[in-house]
């Protein structure tokens, strides 16, 4: 089964096409602080990543958390840039709570 996003009926990224995502993962592992910190999120980061052949607006927005002490990187959202605006305050609060429970036992 193909999994991924749809953008106007077109597959933007799928698990069958792992090369772009593998490159993104390797770059984030190499430079986990590359993304901008999301204020009030407890350490969530956001980075925009362009996908080759999809034009200027054809990339993705990645929301992730880097657990420094565990040297662990967890991707939370990977969306086409044109699908989601910035996270709402409620989404940030919810993700912060999940991260705190997972990594800080709170």
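Numbering (my numbering), first residue to last: 365 to 470. Note that the Cβ used here is the ideal one computed from N, Cα and C, for glycine as well.
Within the DSSP bridge table, the entry for residue 387 names no partner.
Of all alpha-carbon atoms in 443, 434, 436 and 415, the one lying nearest the alpha-carbon of residue 427 is that of 443. Exposure of residue 447 is indicated by the presence of fewer than 16 other C-beta atoms within 10 angstroms of its C-beta.
Judged by DSSP secondary structure, residue 415 falls outside any beta strand (DSSP E); it is assigned neither H nor E.
Taking each of 439, 459, 456 and 457 in turn and checking the Cα distance to residue 412, the smallest one comes out for 439. For residue 459, the enclosing alpha helix (DSSP H) has its first and last residue at 453-468. The continuous beta strand (DSSP E) containing residue 444 extends over residues 436-444.
Nearest to residue 389 by alpha-carbon distance, out of 406, 424 and 404, is 424. Under the three-state reduction of DSSP output, residue 411 falls in the strand class.
For residue 427, the enclosing beta strand (DSSP E) begins and ends at 424-431.
CA-to-CA, the gap between residue 466 and residue 433 works out to about 13 Å.
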